[in-house]
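Engineer:
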Amino acid sequence: MRGKLLPLAGLYLVQGLPYGLQSGLLPVLLRARGLSLTHVGLAKVLYAPWLFKLVWAPLVDTRGSPRAWLTLSTAALGLVCGLLAALPPAEAGQAGLPVTVAGLLLLLNLGAAVQDVALDTLAVQLLEPAELGPGNTVQVVAYKLGAVLAGGGLLAFVPTLSWSLLFLLLTATYWLAAALAWDARALQPLPPPQASEPPPHTLHLLQDLLAVPGTLWTAGFVLTYKLGEQGAGSLFPLFLLDRGVSTPELGLWNSVGAVACSIAGSSLGGALLARHRQPLPLLKSVLRFRLGGLACQTVLLFHLDTPGARLGPSTVLRGAALLSLCLQHFLGGLVTTATFTLMMSCSQLAPGALQATHYSLLATLELLGKLLLGTMAGALADGLGLHLCFSLLLALSAMPIVYLGLAPSTVA
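Per the working numbering, the very first residue in the sequence shown carries number 715; after that it's consecutive.
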């Protein structure tokens, strides 16, 4: 098993680099070049290819092997980074990104999204049922480490690290990863690809995907299991900021501390899954713990949301508030690992020619579910008030616990 997990860990770490680059490092580099905050924010439109993975997932299923797609997409990412190294992100006096740079960044996201489909398909095909827990732990932890490395680790070297040097470094990293994807012996013994055939019509494809046992239930679960957690995770740090917690302290706890706790939770989830192998019993227990943690956080918010309430520098309430952040990230990491194991287990029930598309469907729904409340949380808090908003988030966190009781036998 270790022979499979080590190369997968390296490739998932590389897969996390584009997200960390564009969410953490790139905004700082663009702002340092003089771009307005509006244009820096609009650069997130370049994430669009991630929402269309289902468009090319059927090609990964029916044309060539996932390992070939993975190697080519990773090498292409290196080529795009090499071209970006030759182009400055903005010239003096320029209001936005040059069209050429924006186009290359769009291609970077397209290549990363194709790489994501190919790598997930490879993992679905390679991992045995007993390996799904450790395999998904590697996926979640390595991806987060890659994102932190690109978004926070490289940020420590700014302004010493120039735009050109950054992308030359990424070029070398991607080409090494492409060589690993092609040459790693553990990634080679895949089932022979089926004869090439044109992707099925969209309507028929959707019917085939939904016909896979457990798909409808799993789709509903991954779309809703993070709603309450994402909403609270977006609002509670801002609430603490309004109540007197300093920006550096909050940044430390909500970034470094949060990532460390999330990785610890994911690692524990993998260890528990490796021992018991069944994600549903683990999810039932952890979701109850998560609900309890969010209930404590909500009670704390109600207590502090009074006129004149402040969090002093050395109060018990301050420590409890910051620890509640870390607890939610720890439990969130544990829940994520178990859920990704559930998704991969469901996709393994699909025919070989549909597995990439099936897993991409579940992964896209999982992403949409997380984005939904993350983007709407502020509007809900402004419209409903914090008390009613957090009560709603608490109810949304209870919903997946009830939904687990409806799991079909094919999933359970």
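Using N, Cα and C, we set each Cβ at its ideal position, and we do this for glycine too.
Helix, strand or coil: how does DSSP classify residue 723 here?
Structural biologist: Here residue 723 is taken as the residue at index 9 of the sequence shown, counted from 1. It is helical.
Engineer: Counting along the chain, where does the alpha helix (DSSP H) carrying residue 1020 start and finish?
Structural biologist: For the purposes of this step, residue 1020 is identified with residue 306 of the sequence shown, where counting begins at 1. It is not in any alpha helix (DSSP H) - residue 1020 carries neither H nor E in the DSSP assignment.
Engineer: Note the first and the last residue of the continuous alpha helix (DSSP H) segment covering residue 1052.
Structural biologist: Counted from its first residue, the sequence shown places residue 1052 at position 338. First-last of the alpha helix (DSSP H) with residue 1052: 1030 to 1061.
Engineer: From which residue to which residue does the alpha helix (DSSP H) around residue 939 run?
Structural biologist: Position 225 of the sequence shown, counting from 1, holds the residue named residue 939. Per DSSP, residue 939 belongs to no alpha helix (DSSP H) and is neither H nor E.
Engineer: Residue 1089: buried (16+ other C-beta within 10 angstroms of its C-beta) or exposed?
Structural biologist: For the purposes of this step, residue 1089 is taken as the residue at position 375 of the sequence shown. With fewer than 16 Cβ atoms within 10 Å of its Cβ, residue 1089 is classed as exposed.
Engineer: Touching or not, the stretch 1078 to 1096 and the stretch 876 to 885, by the rule of three or more beta carbon pairs under 8 Å?
Structural biologist: At 8 Å Cβ cutoff, the stretches do not touch.
Engineer: Once DSSP output is grouped into helix, strand and coil, what is the label at residue 842?
Structural biologist: For the purposes of this step, residue 842 is taken as the residue at position 128 of the sequence shown. Note: residue 842 maps to coil in three-state DSSP.
Engineer: I'd like the list of long-range same chain contacts for residue 724, defined as Cβ closer than 8 Å, with 5 residues on each side in sequence excluded.
Structural biologist: As a position in the sequence shown, residue 724 is number 10, starting the count at 1. Cβ neighbours of residue 724 beyond the five flanking positions: 856, 891, 894.
Engineer: Residues in the same chain with beta-carbon distance under 7 Å from residue 936, minus the five sequence neighbours each way, listed in chain order, please.
Structural biologist: Walking along the sequence shown from the start, residue 936 turns up at place 222. Excluding residues within five positions, the ones whose Cβ falls inside 7 Å are 1053, 1057, 1076, 1079, 1080, 1083.
Engineer: Under the three-state reduction of DSSP, which class applies to residue 976: helix, strand or coil?
Structural biologist: Here the question's residue 976 lines up with position 262 in the sequence shown. Residue 976: helix per DSSP, three-state reduction.
Engineer: Nearest-angstrom Cα distance between residue 1110 and residue 769?
Structural biologist: Counting from one through the sequence shown, the residue named residue 1110 turns up at place 396. Counting from one through the sequence shown, the residue named residue 769 turns up at place 55. Using only the alpha carbons, I get a separation of about 31 Å.
Engineer: Residue 881 lies in the alpha helix (DSSP H); which residues open and close that run?
Structural biologist: Translated into positions along the sequence shown, residue 881 becomes position 167. Unbroken alpha helix (DSSP H) run through residue 881: 877 to 897.
Engineer: Compute the Euclidean distance between the alpha carbons of residue 728 and residue 1034, then round it to the nearest angstrom.
Structural biologist: Here the question's residue 728 lines up with position 14 in the sequence shown. Here the question's residue 1034 lines up with position 320 in the sequence shown. Rounded to the nearest angstrom, the two C-alpha atoms are 35 Å apart.
Engineer: Taking residue 777 as the reference, give the member of 796, 923, 1066, 863 with the closest Cα.
Structural biologist: Start at 1 with the first residue of the sequence shown, and residue 777 comes out as number 63. Ranking 796, 923, 1066, 863 by Cα distance to residue 777 puts 1066 first.
Engineer: How long is the line joining the alpha carbons of residue 954 and residue 1018, rounded to whole angstroms?
Structural biologist: Translated into the one-based positions of the sequence shown, residue 954 becomes position 240. Translated into the one-based positions of the sequence shown, residue 1018 becomes position 304. Approximately 9 Å between the Cα atoms of the pair.
Engineer: Compare the Cα-Cα distances from residue 782 to each of 819, 730, 836 and report the closest residue.
Structural biologist: Numbered from 1 along the sequence shown, position 68 holds the residue referred to as residue 782. The candidate whose alpha carbon is nearest that of residue 782 is 836.
Engineer: Roughly how many whole angstroms lie between the Cα atoms of residue 990 and residue 977?
Structural biologist: Counting from one through the sequence shown, the residue named residue 990 turns up at place 276. Counting from one through the sequence shown, the residue named residue 977 turns up at place 263. The alpha-carbon atoms of residue 990 and residue 977 are separated by roughly 20 Å.
Engineer: Do residue 943 and residue 1004 come within 8 Å of each other at the CB atom, strictly closer than that value?
Structural biologist: Within the sequence shown, the letter at position 290 stands for residue 1004. Within the sequence shown, the letter at position 229 stands for residue 943. Result yes, Cβ atoms of residue 1004 and residue 943 sit closer than 8 Å.
Engineer: Does the distance from the CB of residue 1125 to the CB of residue 994 come in under 8 Å?
Structural biologist: The residue given as residue 1125 occupies position 411 in the sequence shown. The residue given as residue 994 occupies position 280 in the sequence shown. Result yes, Cβ atoms of residue 1125 and residue 994 sit closer than 8 Å.
Engineer: If we ignore side chains and look at the alpha-carbon of each, how far apart do residue 887 and residue 799 end up?
Structural biologist: Your numbering for residue 887 matches position 173 in the sequence shown. Your numbering for residue 799 matches position 85 in the sequence shown. Rounded to whole angstroms, residue 887 to residue 799 spans 14 Å at the Cα level.
Engineer: Look at residue 1008 and residue 1100 and say whether their C-beta atoms are less than 8 Å apart.
Structural biologist: Taking the sequence shown and counting its residues from 1, one reaches residue 1008 at position 294. Taking the sequence shown and counting its residues from 1, one reaches residue 1100 at position 386. Their beta carbons are not under 8 Å apart, which means residue 1008 does not touch residue 1100 by this criterion.
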